[in-house]
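Undergrad: What follows is a structure written as structure tokens; I'll ask about it next.
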Amino acid sequence: MGTIIKAVNHPNLKVCLDTEHCFAAGYNIASDDAINSIMAEFDSKIGLERLVAVHANDAKVEFGSGVDRHENIGEGYIGEEGFEVILGNPAFSQVPFFLEVPGFDGDGPDEENINRLKSIRSKVLKE
8 MGTIIKAVNH PNLKVCLDTE HCFAAGYNIA SDDAINSIMA EFDSKIGLER LVAVHANDAK
68 VEFGSGVDRH ENIGEGYIGE EGFEVILGNP AFSQVPFFLE VPGFDGDGPD EENINRLKSI
128 RSKVLKE
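Start counting the sequence shown at 8; every next residue gets the next number (our numbering).
Rendered as structure tokens:
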């Protein structure tokens with residue numbers, strides 16, 4: 008992606024990061040030990056100024072699986088603790104999060120997922 012961004016070299020080219028895609032691709036953004044180096048790499052190759060959105064979803068499949076299977080917040084392998092790590096990282100402090108989850112009734116983003124993300128964010132802000 009960084010290669011494409013450098014080739015296009017246009018200030019209006021922006022990026023949306025998907026939590027499950029990162030996790031499935033082998034970037035353990037749910038790990039407190041790893042997230043800082045992952046976001047430093049993101050900054051050097053893409054630029055944090057280009058990060059304008061996050062697709063927030065848990066992972067139905069294990070870390071590094073290479074498989075794109077979204078799960079409701081806190082119900083998968085990223086888990087609530089992983090979202091605490093993500094939401095607590097300064098790189099995401101001013102970036103909007105958009106739910107991309109199956110929903111607890113199977114109808115997509117729902118109030119329960121919104122409330123879970125809000126609850127995790129509130130917990131992180133209190134720490």
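Ideal Cβ positions, reconstructed from N, Cα and C, are used throughout, including at glycine. All of these numbers come straight from a predicted model, not from anything done at the bench.
#1: Assign residue 17 to one of two classes, buried (16 or more other C-beta atoms within 10 Å of its C-beta) or exposed (fewer than that).
#2: Looking at C-alpha atoms only, which residue of 88, 130, 52, 127 is the closest neighbour of residue 14?
#3: For residue 89, does the count of other Cβ atoms within 10 angstroms reach 16, so buried, or fall short, so exposed?
#4: Could you give the residue range of the alpha helix (DSSP H) that holds residue 28?
#5: Leaving out five residues before and five after residue 91 in sequence, what residues of the same chain have Cβ atoms less than 8 Å from its Cβ?
#6: Is residue 63 helix, strand or coil when you go by DSSP?
#7: Suppose you measure from the CA of residue 43 to the CA of residue 95; what does that come to, to the nearest Å?
#8: Need the endpoints of the alpha helix (DSSP H) that residue 49 sits in, please.
TA: If we stick to the structure as given:
#1: Translated into positions along the sequence shown, residue 17 becomes position 10. Classification of residue 17: exposed, given that the 10 Å Cβ count is below 16.
#2: Mapped onto the sequence shown, residue 14 falls at position 7. Nearest C-alpha to residue 14 among 88, 130, 52, 127: 52.
#3: Translated into the one-based positions of the sequence shown, residue 89 becomes position 82. Buried, because 16 or more other Cβ atoms sit within 10 Å of the Cβ of residue 89.
#4: For the purposes of this step, residue 28 is taken as the residue at position 21 of the sequence shown. Counting along the chain, the alpha helix (DSSP H) containing residue 28 begins and ends at 26 to 31.
#5: Locating residue 91 in the sequence shown gives position 84, counting from the first residue. For residue 91, where only same-chain residues beyond five positions count, the Cβ hits under 8 Å are 127, 130, 131.
#6: Position 56 of the sequence shown, counting from 1, holds the residue named residue 63. Looking at residue 63 - three-state DSSP - the assignment turns out to be strand.
#7: Working through the sequence shown from its first residue, we reach residue 43 at position 36. Working through the sequence shown from its first residue, we reach residue 95 at position 88. Answer to the nearest angstrom: the Cα atoms are 11 Å apart.
#8: Residue mapping note: residue 49 aligns to position 42 of the sequence shown, counting from 1. Looking at the DSSP string, the run of the alpha helix (DSSP H) that includes residue 49 is 39 to 52.
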